[in-house]
Structures are given as C-alpha cells and as structure tokens.
Amino acid sequence: MIILTAAALGISAGQMRSAGVIALVAALIGMTFALAAITSPGPVSLLAFVYAVLGYNGGLMLFVIGLYAHQRLRRATRVSH
Numbered sequence: 548m549i550i551l552t553a554a555a556l557g558i559s560a561g562q563m564r565s566a567g568v569i570a571l572v573a574a575l576i577g578m579t580f581a582l583a584a585i586t587s588p589g590p591v592s593l594l595a596f597v598y599a600v601l602g603y604n605g606g607l608m609l610f611v612i613g614l615y616a617h618q619r620l621r622r623a624t625r626v627s628h
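In structure tokens form, the structure reads like this:
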C-alpha cells in the first residue's frame, strides 16, 4: 500500500510540472518518516521508507513515460494521407 500511495503522489506531483513541487513532495516524504521515527515508541521500518521513495520515483517515471507515449501517439495520428 505504501508503494501505491507513493506512486500516486509521484504522478500527482508530475502533473503539476514544477520542479519545486516535485522536490517539496519528496522532502515531505522524508520529513514524515523522520517525524514518525522521532515520535514512535517502537522501531520504525527503514524498508517502508525505501518503498516510499521507490514508489514516488516510479510514479514520476510512469508520468514521464505516459507523456512521451501520448506525444508519440498524437504525432502519429496527425500524419495526413
């Protein structure tokens, strides 16, 4: 579930098309895990943080690949006969 949520955040941040927003969301993911580690009475899973980072980057990559595919399909349909 962490990977899917992080991927959704990556896709949403990518749709803003702003490097500042992409960096801010990435920083917020890190700050959230740091805050959870500080306030948690028990151990915090570092593996969950790695999953979140990988999911976020995967979501950004999916968005960029989708933009590229959309552009290629759009160009292919414009060819006149």
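Note that our numbering has the sequence shown beginning at 548, numbered continuously upward.
In this text, a Cβ means the ideal position worked out from N, Cα and C, and glycines have one as well.
Residue i versus residue j: straight-line alpha-carbon distance, rounded
{"i": "S565", "j": "A554", "result": "17 Å"}
{"i": "R619", "j": "L609", "result": "15 Å"}
{"i": "M578", "j": "R622", "result": "41 Å"}
{"i": "G561", "j": "T552", "result": "14 Å"}
{"i": "N589", "j": "M563", "result": "In the sequence as presented, Asn is not what sits at residue 589; that position holds Gly. Spanning the two alpha carbons is a distance of roughly 36 Å."}
{"i": "L594", "j": "A574", "result": "17 Å"}
{"i": "L556", "j": "L601", "result": "12 Å"}
{"i": "T586", "j": "L571", "result": "22 Å"}
{"i": "M548", "j": "I576", "result": "15 Å"}
{"i": "H617", "j": "F596", "result": "31 Å"}
CB of residue i within 7 Å of CB of residue j, strictly
{"i": "I550", "j": "Y598", "result": "yes"}
{"i": "A584", "j": "V591", "result": "yes"}
{"i": "G606", "j": "I558", "result": "yes"}
DSSP-derived helix/strand/coil call for residue i
{"i": "A564", "result": "According to the sequence displayed, residue 564 carries Arg and not Ala. Here R564 sits in coil by DSSP."}
{"i": "M548", "result": "coil"}
{"i": "S592", "result": "coil"}
{"i": "S559", "result": "helix"}
{"i": "R625", "result": "coil"}
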